[in-house]
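Protein chains in written order, with my numbering: chain B, 26 to 517; chain F, 3 to 480.
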């Protein structure tokens, strides 16, 4: 590793940028201009941004610099970030990756946006994503696929693929994501980043366009656990506008980062290392586990016996909720409306058929079917029962271990187009992440190596509200390894 | 063939909260379209509902008032359907677990009979907006001011057997929600509206007939007429060999008939499921206890108390407890007068109510307050004026001509109780009517009334009636 002073600004972590801003080595405006230039230069090859908000960014940067001068700055004041285009941003297009909202300008800020603004971050733009967060490859965007900076033939993962690619290519030091079944962790893994999906209820969903309300959770994506800790500290907290947000104080996520891992009990679910897991990925994950042993952790094999039920349960619950959540996009009040509707039914059917892409349409149809009379008990209720069984599996596991570890995704990034015609194979990409959403637990992915040029992620799952522990476990690993510091050559 | 009618009512009472059930927007009636609809009411992307605790309190009050089980845990569900004035594409309602279940309400029927009507459930839900089909050059307008207004849907058991019973039940329920202060009861503005499920069966048949649902009845009169029409229609249909179809019908008040709303009943599948944006509604026992303690005296209890405490008839007590405000007015009058509850009842139910009706005023808006009315009655009591003269004084009070005593003085209405003054009036009357005197003395007793009238007239109504009677009798007998 290069010494810090020689590290190019765009290679610095948020913690390093924060220190540089504090020391007056550079201004937020300089930093912001640098990243805006990089976006201009590199985004055409990646398609990571749907909207770049130059004017807002520079205005926020100058305001941040003034706050610095007035000694009113916090650690994130003046740090540029990108917002996934699922978070409503006042006065800025919020498309959710959909034609339906291509011309939708949100009239308010999401709580996450509000909180990050209040912390003084600078918004560079809105990142690309699978339409309405439905997808695992970012190929389901109305704005076209995002490419993986490590290999432009590969997908970045999804649905937060734009955020992942932007951070990996050093177009922004950090970004927000959302995770309904793995949409933060899987792209973080496929792009060599650290990303955390907090406990359900830890981060407000107000202003975050809903896909599956009981599973959706926002979180940060950055290069290091320390950066995620900084961002999560600003994003998390009770919000009276979200009835499912939890009224519990937000700990200082930086405080426990350095805690030693001696005696840490890591559980390896045998179900996460069986059939379907790529052998090369398995070897990389094994090496990471070996590193944890060296750090003093005890590794125990555990079982999550209902793991194989997670995907079928998820693909009932998430579509069921989405079929209802997306009913509001009817062409009546905002969003896409078809030309010359001949009557009300025509307005509905054509506006929706034109506004939604094929994967969104598929999930709405699946969900409406699962909720319909005569099928509700067999599908939706059954899926909810499975959800309880899965939660029980984790509850029992956490009686034995502190964290659970395993691969984030069964393979490294696959090629663009490789799985688009095979939704089931695509869905299996989230086989290790989905159960965590069903249980509402926090999960983190950190980079632990490569297969060829393509990064491998290790998933850490914690007990409810154990985000600080997950960040600590990831951070200690990052103190003795440098996978997180590697940059894709084309974007170095 | 004898027919039996079976009716169940679903009543939507708009709860009198200041803001909507899931947003902070105002619920005030009559604002310009879409000026009271915030991002939540508009169903914008990313918005979330937060339950109005005041709506919960009101629903629990209602549940306790009808002796229902108030659920410690109830669940909000989504009822999914597309309609332009339904912004989210679903209505948030309660489905499997409502806030209150198994209540009952006493209704009074003719000839002193009464009946207990079961209330299956009461649940919280949000109202939809309004579609406006006029004045938009062939287009439809959507007003979402009403979207998200809290409603309590109150579902009765099919215990009602006639249109009259249905109306009695609806009136009783209306009285109850207004008493509790949880609904303004304004039917014209749609704050209290009714859907009626009506079916008929042959007397003694244990099986219910196929029902038709008549939607959106917003007056007691319409409920009665619509049900009566519907009963006739169904009986005629069956007697002619036809079959009643399960369908939704609308009442046309101009034609006085119900009409099918759709050609064929669509089998709506609302795809209900628990709303993941809202946690189950949990009401703790101590909260329920506190709400119970805060309940006002309910109509039935108040009526009973009026009968025992004031010695009123059941009828009078019923009338005086029609509304809380009327009962309060009555009791304030009795208290101010320190007694004479029957006299107070007669005046509140008589002249006061007549004047209120005439001026179309609410009791809370009466120009004569209880203290003023008591002041007037006190002058009857102490003989200063007669009951008849009091009516004139009341009219003057109503018109704002000052207080009772001032009016009596100004108009010289004080009753004449001086025996010699009354005697001289009587003597003059007798002297002026010798013929009638002769007839009376010859045994035509009926003429006594004639002399009373003449004497009263001569005294300008001011003579003390009792004294006048006594003295007149003495004088006539000679």
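For each residue, glycine too, the CB sits at the ideal point set by N, CA and C. Fair warning: this is a prediction, and the values are worked out from it, not measured in the lab.
Buried or exposed: which applies to residue i, given that a residue is buried once 16 or more other Cβ atoms fall within 10 Å of its Cβ?
i: residue 1 of chain F; result: Since the displayed chain F opens at 3 and closes at 480, residue 1 of chain F lies outside it and no answer follows.
i: residue 425 of chain B; result: exposed
i: residue 148 of chain F; result: buried
i: residue 49 of chain F; result: buried
i: residue 381 of chain B; result: buried
i: residue 230 of chain B; result: buried
i: residue 326 of chain B; result: exposed
i: residue 266 of chain F; result: At residue 266 of chain F, the pLDDT of 46 sits below 50, so the modelled position is not reliable; the number obtained from the coordinates is stated separately. It counts as exposed.
i: residue 331 of chain B; result: buried
i: residue 209 of chain F; result: exposed
i: residue 264 of chain B; result: buried
i: residue 360 of chain F; result: exposed
i: residue 138 of chain F; result: exposed
i: residue 383 of chain B; result: exposed
i: residue 152 of chain B; result: buried
i: residue 388 of chain B; result: buried
Could you tell me whether the Cβ of residue i comes closer than 9 Å to any Cβ of chain B?
i: residue 138 of chain F; result: no
i: residue 285 of chain F; result: no
i: residue 117 of chain F; result: no
i: residue 144 of chain F; result: yes
i: residue 484 of chain F; result: With chain F running from 3 to 480 in the structure shown, residue 484 of chain F is simply not present.
i: residue 82 of chain F; result: yes
i: residue 86 of chain F; result: yes
i: residue 178 of chain F; result: no
i: residue 21 of chain F; result: no
i: residue 46 of chain F; result: yes
i: residue 279 of chain F; result: yes
Output the distance between the C-alpha atoms of residue i and residue j, rounded to the nearest integer angstrom.
i: residue 300 of chain F; j: residue 189 of chain F; result: 21 Å
i: residue 397 of chain F; j: residue 390 of chain F; result: 12 Å
i: residue 116 of chain F; j: residue 167 of chain F; result: 10 Å
i: residue 204 of chain B; j: residue 288 of chain B; result: 30 Å
i: residue 79 of chain F; j: residue 104 of chain B; result: 42 Å
i: residue 171 of chain B; j: residue 192 of chain B; result: 13 Å
i: residue 373 of chain F; j: residue 334 of chain F; result: 7 Å
i: residue 434 of chain F; j: residue 370 of chain F; result: 42 Å
i: residue 483 of chain F; j: residue 154 of chain F; result: Only positions 3 to 480 of chain F appear in the structure, and residue 483 of chain F is not among them; the question remains open.
i: residue 419 of chain F; j: residue 381 of chain F; result: 14 Å
i: residue 87 of chain B; j: residue 190 of chain B; result: 26 Å
i: residue 20 of chain B; j: residue 275 of chain F; result: Shown here, chain B extends from 26 to 517; a query on residue 20 of chain B therefore has no answer.
i: residue 457 of chain F; j: residue 385 of chain F; result: 18 Å
i: residue 431 of chain F; j: residue 415 of chain F; result: 21 Å
i: residue 359 of chain B; j: residue 320 of chain B; result: 54 Å
i: residue 186 of chain B; j: residue 494 of chain B; result: 26 Å
i: residue 216 of chain F; j: residue 328 of chain B; result: 58 Å
i: residue 316 of chain B; j: residue 168 of chain B; result: 41 Å
Please report whether the beta-carbon of residue i lies at a distance below 9 Å from any beta-carbon of chain F.
i: residue 117 of chain B; result: no
i: residue 112 of chain B; result: yes
i: residue 357 of chain B; result: yes
i: residue 139 of chain B; result: no
i: residue 212 of chain B; result: no
- Query: Is the region 405 to 412 of chain B close to the region 335 to 342 of chain B, with three or more CB pairs under 8 Å?
  - Reply: yes
Worksheet entry | beta strand (DSSP E) segments (min. 3 residues) lying fully within the region 250 to 296 of chain F | 259 to 262
Inter-stretch contact (C-beta, 8 Å, three-pair minimum) for the region 229 to 237 of chain F and the region 71 to 83 of chain F:
no
**Item:** Secondary structure, beta strand (DSSP E): runs of 3+ residues fully inside the region 298 to 359 of chain B
**Value:** 323 to 327
- Query: Counting pairs of Cβ atoms below 8 Å between the region 209 to 228 of chain F and the region 332 to 352 of chain F, do you hit three or more?
  - Reply: no
(Q) Does the region 85 to 98 of chain B come into contact with the region 212 to 231 of chain B, if we say contact requires no fewer than three beta-carbon pairs (one atom in each stretch) closer than 8 Å? (A) no
- Message: I'd like the ranges of any alpha helix (DSSP H) spanning at least 4 consecutive residues and lying wholly in the region 102 to 165 of chain B.
- Response: 136 to 143
### Query
Can you give, in chain order, each stretch of the beta strand (DSSP E) that sits fully within the region 35 to 103 of chain B and has at least 3 residues?
74 to 77
For the 8 Å Cβ check, are there 3 or more pairs between the region 128 to 146 of chain B and the region 293 to 302 of chain B?
no
field: Validate contact between the region 150 to 158 of chain B and the region 104 to 122 of chain B using beta carbons, cut 8 Å, 3 pairs
entry: yes
### Task
Taking 8 Å as the threshold, find out whether the region 237 to 257 of chain B comes into contact with the region 30 to 48 of chain B through three or more Cβ pairs.
yes
- request: Any chance you could list the alpha helix (DSSP H) runs of at least 4 consecutive residues sitting entirely within the region 414 to 448 of chain F, in chain order?
  value: 421 to 434, 436 to 443
Subject >> Ranges of the beta strand (DSSP E) found wholly within the region 183 to 270 of chain B, counting only runs of at least 3 >> reply: 199 to 204, 219 to 222, 242 to 247
| request: Evaluate contact between the region 246 to 266 of chain F and the region 27 to 45 of chain F, counting only Cβ atoms and requiring at least three cross-stretch pairs below 8 Å. | output: no
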